[in-house]
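A.B. asks: Pasting a structure here, questions to come.
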Amino acid sequence: MAKDKKLVSEITSMDEDFAQWYTDICKKAELVEYTSVKGCMVIRPYGYAIWENIQKILDAEFKATGHENVCMPMFIPESLLQKEKDHVEGFAPEVAWVTHGGTEKLEERLCVRPTSETLFCEHYANIVHSYRDLPKLYNQWVSVVRWEKTTRPFLRSREFLWQEGHTIHATAEEAVEETERMLNVYADFCENSLCMPVVKGKKTESDKFAGAVSTYAIEALMHDGKALQAGTSHYFGDGFAKAFGIEYTDKENKRVNPHQTSWGMTTRLIGAVIMTHGDNSGLVLPPAVAPVQAVIVPVAQHKEGVLDKANELYAQLKNAGVRVKLDDSENSPGWKFAEYEMKGMPVRIEIGPRDIEQNQCVVAVRYSGEKLTVSLDKLVETVNDLLENVIPKGMFDKALQNRTEKTYACTNTDEIITALNEKGDGFVKAMWCGEEACEDEVKEKTGVGSRCIPFEQEQLSDKCVCCGKPAKHMVYWGKAY
RNA sequence: CUGGGUGUGGCGCAGAUGGUAGCGCGCUACCUUGGGGUGGUAGAGGCCGUGGGUUCAAGUCCCGUCACUCAGACCA
114 MAKDKKLVSE ITSMDEDFAQ WYTDICKKAE LVEYTSVKGC MVIRPYGYAI
164 WENIQKILDA EFKATGHENV CMPMFIPESL LQKEKDHVEG FAPEVAWVTH
214 GGTEKLEERL CVRPTSETLF CEHYANIVHS YRDLPKLYNQ WVSVVRWEKT
264 TRPFLRSREF LWQEGHTIHA TAEEAVEETE RMLNVYADFC ENSLCMPVVK
314 GKKTESDKFA GAVSTYAIEA LMHDGKALQA GTSHYFGDGF AKAFGIEYTD
364 KENKRVNPHQ TSWGMTTRLI GAVIMTHGDN SGLVLPPAVA PVQAVIVPVA
414 QHKEGVLDKA NELYAQLKNA GVRVKLDDSE NSPGWKFAEY EMKGMPVRIE
464 IGPRDIEQNQ CVVAVRYSGE KLTVSLDKLV ETVNDLLENV IPKGMFDKAL
514 QNRTEKTYAC TNTDEIITAL NEKGDGFVKA MWCGEEACED EVKEKTGVGS
564 RCIPFEQEQL SDKCVCCGKP AKHMVYWGKA Y
């Protein structure tokens with residue numbers, strides 16, 4: 114990255130200070146603004162438009178897999194939250210409480226939902242009575258609140274937007290299948306729409322969701338070598354059903370507990386996009402979620418015919434379904450170039466008198482910095498090909514290459530320490546015996562924690578990286594956001 | 001939560017030893033501008049995060065508090 118020409122002076126270079134670079138992008142690309150409440154941010158129109166695109170794609174996928182949207186209340190009575198022991202223990206330290214209504218103290222305090230399992234369970238207990246009522250495949254798009262200590266825009270805020278799917282099934286097999294199906298929906302979305310490679314796997318016992326039988330996750334590697342959990346999918350078995358008294362009558366007229374799942378993705382994905390694709394000129398957005406996919410910058414726009422031609426191109430691209438913007442403001446072309454690079458727009462089209470004479474224009478590709486000269490007759494075709502094929506593939510490959518370069522296979526803890534010291538933070542692949550004590554010891558000695566047990570296993574050795582006893586799994590380890 | 005740093009026009013900063021605020025960018029108007037933040041002229045805009053204290057006098061000193069930030073611990 115160091116060789117990248119830095120065209121915008123307003124942001125800190127990512128090599129110099131990655132954390133500051135990240136914050137600069139959030140502010141300068143007009144994605145967020147702080148408020149006077151710690152950890153609560155304004156998601157500005159440009160940032161929110163990215164989220165809306167994420168929602169649009171994911172929601173369509175949820176519907177296509179048979180899910181319905183619902184909306185639960187924001188408040189959970191304390192007694193309801195406490196019904197499942199592990200769940201309340203996991204979340205209690207970070208919930209916000211409502212204690213008063215107006216000036217009256219409440220009989221029972223209410224927590225602001227940190228997640229809605231308990232609300233869904235209460236509801237399912239009311240509406241599920243027969244095997245004919247199953248399954249229920251519900252999802253909701255809401256915000257939740259977790260009183261985090263350390264906050265960062267998108268990555269960890271006290272209130273954040275997300276979707277949470279909650280499903281309930283007659284059999285364990287069906288529920289397990291659902292858990293896997295949704296993990297795959299997430300992984301496909303990340304790889305195809307966000308151009309971000311992910312590792313699919315299972316969380317270790319110590320790292321799973323509070324109250325779950327098993328938790329699955331997709332893990333991505335950011336540019337600075339830190340891991341980011343991009344989505345999770347949980348299998349609950351019938352534990353919640355038992356705690357909340359959800360029962361139905363099966364075909365044999367027996368009363369049984371159903372099996373449940375939940376799965377979620379959050380505005381953290383925007384942070385993932387920033388840290389996966391961004392560079393020293395600013396944000397780089399995948400075409401699928403970019404609010405503006407192509408921006409037209411007229412050059413010498415006061416000259417005869419330039420704006421007419423620019424408008425013509427605008428109309429052509431718009432008709433072809435491209436999210437296109439024409440900037441005919443008084444700012445200089447150079448100012449516009451820098452501005453739209455900062456905002457990560459995938460394609461920029463420059464059109465000036467010289468181009469018009471030759472029936473061509475210049476097309477600049479954000480992620481690679483390439484500039485192409487394109488005939489005006491082929492502009493729509495070229496832009497579509499860039500947005501749909503060339504750019505997504507190029508961005509994915511670039512991110513994958515970065516991840517590959519920062520993934521180290523190790524067979525003992527000294528190797529881990531050496532690899533991290535010499536090559537910087539990254540994913541460590543290493544064998545594990547399955548004991549929590551070793552998991553803790555690896556973290557203590559090397560600084561990397563277990564991220565997941567990937568579905569795609571490799572036999573790096575037959576011994577645990579820590580204790581040397583027979584290994585059960587290969588695990589991805591890393592420092593996490 | 002622990003430890004460090006920071007809060008002064010919209011943004012970025014300067015304001016030894018206390019004396020009542022200054023610069024660059026941006027903004028407004030006009031002019032200029034052909035391909036990487038074009039150049040010029042004139043103008044508007046801040047009581048210094050917030051609450052208290054010391055003092056004749058506080059952006060400057062003291063205490064509290066809130067927010068931002070970095071490192072750690074924690075985090076479905």
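Per our numbering, numbering through the first sequence is continuous, rising by one, with the last residue being 594.
Glycine residues also receive a C-beta, built at the ideal position from the N, C-alpha and C atoms.
By how many angstroms is the C-alpha of W545 removed from the C-alpha of W590?
C.D. replies: The residue labelled residue 590 in the question sits at position 477 within the first sequence. The residue labelled residue 545 in the question sits at position 432 within the first sequence. Near 10 Å, if we compare the C-alpha coordinates of W545 and W590.
A.B. asks: Got a sec, what are the start and stop residues for the beta strand (DSSP E) F540 sits in?
C.D. replies: Taking the first sequence and counting its residues from 1, the one referred to as residue 540 is at position 427. From DSSP, the beta strand (DSSP E) with F540 extends over 540-545.
A.B. asks: Using DSSP with H/G/I as helix, E/B as strand and the rest coil, what is K119?
C.D. replies: Your numbering for residue 119 matches position 6 in the first sequence. With a pLDDT of only 39 at K119, under the threshold of 50, the placement of this residue in the model should not be trusted; the figure read from the coordinates follows. Of the three classes helix, strand and coil, the one that applies to K119 here is coil, per DSSP.
A.B. asks: Can you tell me which of the three DSSP states F322 falls into?
C.D. replies: Position 209 of the first sequence holds residue 322. Three-state result, F322: coil.
A.B. asks: Is I331 helix, strand or coil by DSSP?
C.D. replies: Working through the first sequence from its first residue, we reach residue 331 at position 218. It is a strand residue.
A.B. asks: Taking 8 Å as the cut-off, decide whether the C-beta atoms of P206 and L513 are in contact.
C.D. replies: Here residue 206 refers to the residue found at position 93 of the first sequence. Here residue 513 refers to the residue found at position 400 of the first sequence. Cβ atoms of P206 and L513: not closer than 8 Å.
A.B. asks: So the beta strand (DSSP E) L250 belongs to, where does it begin and stop?
C.D. replies: Working through the first sequence from its first residue, we reach residue 250 at position 137. Start and end: 249-258.
A.B. asks: Does S270 pass the burial test, meaning 16 or more other C-beta atoms within 10 Å, or should it be called exposed?
C.D. replies: On the first sequence, residue 270 is found 157 positions in, with the first residue counted as 1. Looking at its Cβ environment, which holds 16 or more other Cβ atoms inside 10 Å, S270 is buried.
A.B. asks: Please tell me whether I529 and T486 are closer than 8 Å, where the distance is taken between their beta carbons.
C.D. replies: Taking the first sequence and counting its residues from 1, the one referred to as residue 529 is at position 416. Taking the first sequence and counting its residues from 1, the one referred to as residue 486 is at position 373. Not in contact: I529 and T486 (Cβ atoms no closer than 8 Å).
A.B. asks: Measure the alpha-carbon distance for E452 versus M458 and round it to whole angstroms.
C.D. replies: Indexing the first sequence from 1 puts residue 452 at position 339. Indexing the first sequence from 1 puts residue 458 at position 345. Rounded to whole angstroms, E452 to M458 spans 9 Å at the Cα level.
A.B. asks: Let me know the alpha helix (DSSP H) ranges lying completely inside the stretch 356-398, each 4 residues or longer, listed in chain order.
C.D. replies: Listed in chain order, the complete alpha helix (DSSP H) runs (minimum 4 residues) inside the stretch 356-398 are 381-390.
A.B. asks: Pull up the CB-CB distance for K456 and L499, whole angstroms please, since I reckon it's below 8 Å.
C.D. replies: Numbered from its first residue, the first sequence carries residue 456 at position 343. Numbered from its first residue, the first sequence carries residue 499 at position 386. Between L499 and K456 the Cβ distance is about 17 Å, and since that is not below 8 Å, they are no contact.
A.B. asks: Can you give me the Cβ contacts of A325 inside the same chain, cut-off strictly under 6 Å, excluding the 5 residues immediately before and after it?
C.D. replies: To locate residue 325, count along the first sequence from 1; it is residue 212. Within the same chain, A325 has close Cβ partners H347, F349.
A.B. asks: Nearest to T328 by CA position, among V578, D137, T374, is which residue?
C.D. replies: Numbered from 1 along the first sequence, position 215 holds the residue referred to as residue 328. T328 has its Cα closest to that of T374, out of V578, D137, T374.
A.B. asks: Would you call the CB atoms of A543 and V588 closer than 8 Å?
C.D. replies: By one-based count along the first sequence, residue 543 stands at place 430. By one-based count along the first sequence, residue 588 stands at place 475. For A543 and V588, yes; Cβs fall inside 8 Å.
A.B. asks: Measuring CA to CA, which of D320, P371, G179 is closest to K556?
C.D. replies: The residue given as residue 556 occupies position 443 in the first sequence. Here the closest residue by C-alpha is D320.
A.B. asks: Residues in the same chain with beta-carbon distance under 8 Å from L420, minus the five sequence neighbours each way, listed in chain order, please.
C.D. replies: To locate residue 420, count along the first sequence from 1; it is residue 307. Excluding positions up to five away in sequence, the list reads P411, Q414, D441.
A.B. asks: Over the uninterrupted beta strand (DSSP E) stretch that includes K456, give me the two end residues.
C.D. replies: As a working note, residue 456 is residue 343 in the first sequence. Counting along the chain, K456 falls outside any beta strand (DSSP E), and DSSP gives it neither H nor E.
A.B. asks: Does the separation of the CB atoms of H279 and H372 fall below 8 Å?
C.D. replies: Position 166 of the first sequence, counted from the start, is the residue given in the question as residue 279. Position 259 of the first sequence, counted from the start, is the residue given in the question as residue 372. For H279 and H372, no; Cβs fall outside 8 Å.
A.B. asks: With 16 as the cutoff for other CB atoms within 10 Å, does S192 come out buried or exposed?
C.D. replies: Position 79 of the first sequence, counted from the first residue, corresponds to residue 192. By the 10 Å Cβ count, S192 comes out exposed.
A.B. asks: What do you get for C184, buried or exposed, if any count of 16 or more other CB atoms within 10 angstroms of its CB means buried?
C.D. replies: By 1-based counting over the first sequence, the position of residue 184 is 71. C184 is exposed by the Cβ-count criterion.
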